[in-house]
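Chemist: So that we are looking at the same thing, I have put the structure below in structure tokens.
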């Protein structure tokens, strides 16, 4: 996670119990999240370099083998980037933790989301410059939506819309979640980390970040995990 330069970095550290459905692929480090006892959701550009020989490690250290990878049929990598989602089936179900619930509405705009990830860190002045695998969280406000993406801007301290724990994803956070919190204090999965705009250095104040908009892919997801 890339964070504010004027805020104590300790405030961004998260307990692994905060999001037990999250994990990463060994040894690469990019993320996926459990949405069904058998199924993980991640970014297609992450799944593209994985195979059924790879292992998924949850934050608590439990490891599971993969036996099926399903890329969204419309996925396309740079420079166009579209439909950047993939589903990955575990050989054995993870039944001792709750899968994350999916956000199925259409009112993401202006909502505040929370990100979690163990990728590279740094701040809005330096960009990513450190890799320590610590779990961090950050927050941002959804400033744009369309049929594929929810979009965030990394606001700088002093800007009207900046949040106390403002931040965006860093390298190694791909496939990670953007989560909405409900009134009863549970998480809903609204987005999957995909890419940042290419108008300047990654992770610098003012950059825009794009997450795949989960609510627009509910039918495809259900067609695979609940055929």
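Residue numbers (the UniProt record's numbering): 1 to 227. All C-beta atoms, glycine included, are put in the ideal place defined by N, C-alpha and C.
Taking residue 45 as part of the alpha helix (DSSP H), name the residues at either end of that continuous run.
Modeler: On the chain shown, position 45 is the one that residue 45 refers to. Residue 45 -> alpha helix (DSSP H) spans 44–47.
Chemist: Pull up the CB-CB distance for residue 44 and residue 71, whole angstroms please, since I reckon it's below 8 Å.
Modeler: Within the chain shown, residue 44 is the residue found at index 44, counting from 1. Within the chain shown, residue 71 is the residue found at index 71, counting from 1. Right, the Cβ-Cβ distance comes to about 5 Å (below 8 Å), so this counts as a contact.
Chemist: According to DSSP, which residues form a beta bridge with residue 213?
Modeler: The residue labelled residue 213 in the question sits at position 213 within the chain shown. In DSSP, residue 213 forms a bridge with 191.
Chemist: Straight-line CA distance for residue 75 to residue 34?
Modeler: Counted from its first residue, the chain shown places residue 75 at position 75. Counted from its first residue, the chain shown places residue 34 at position 34. Rounded to whole angstroms, residue 75 to residue 34 spans 21 Å at the Cα level.
Chemist: Is the separation between the beta-carbon of residue 138 and that of residue 205 shorter than 7 Å?
Modeler: Reading the chain shown from its first residue, position 138 is the one you call residue 138. Reading the chain shown from its first residue, position 205 is the one you call residue 205. For residue 138 and residue 205, no; Cβs fall outside 7 Å.
Chemist: Near residue 77, which residues of its chain fall below 6 Å by C-beta distance, leaving aside the five closest residues on each side in sequence?
Modeler: Counting from one through the chain shown, the residue named residue 77 turns up at place 77. Excluding residues within five positions, the ones whose Cβ falls inside 6 Å are 45.
Chemist: Give me the residue from 84, 38, 128, 113 with the minimum Cα distance to residue 66.
Modeler: Translated into positions along the chain shown, residue 66 becomes position 66. Considering only alpha carbons, the answer is 38.
Chemist: Relative to the C-alpha of residue 3, which candidate in 97, 21, 24, 154 has its C-alpha closest?
Modeler: For the purposes of this step, residue 3 is identified with residue 3 of the chain shown, where counting begins at 1. When only C-alpha atoms are compared, the closest one is 154.
Chemist: Only counting the same chain, and skipping five residues up and downstream in sequence, which positions put a Cβ closer than 8 Å to that of residue 111?
Modeler: As a position in the chain shown, residue 111 is number 111, starting the count at 1. For residue 111, where only same-chain residues beyond five positions count, the Cβ hits under 8 Å are 141, 142, 180, 190.
Chemist: Taking just the CA atoms, how far does residue 20 sit from residue 197?
Modeler: Residue 197 sits at position 197 when you count from the first residue of the chain shown. Residue 20 sits at position 20 when you count from the first residue of the chain shown. If you take the alpha carbons of residue 197 and residue 20, they lie about 30 Å apart.
Chemist: Compare the Cα-Cα distances from residue 178 to each of 148, 130, 114, 134 and report the closest residue.
Modeler: Counting from one through the chain shown, the residue named residue 178 turns up at place 178. Nearest of 148, 130, 114, 134 to residue 178, Cα basis: 114.
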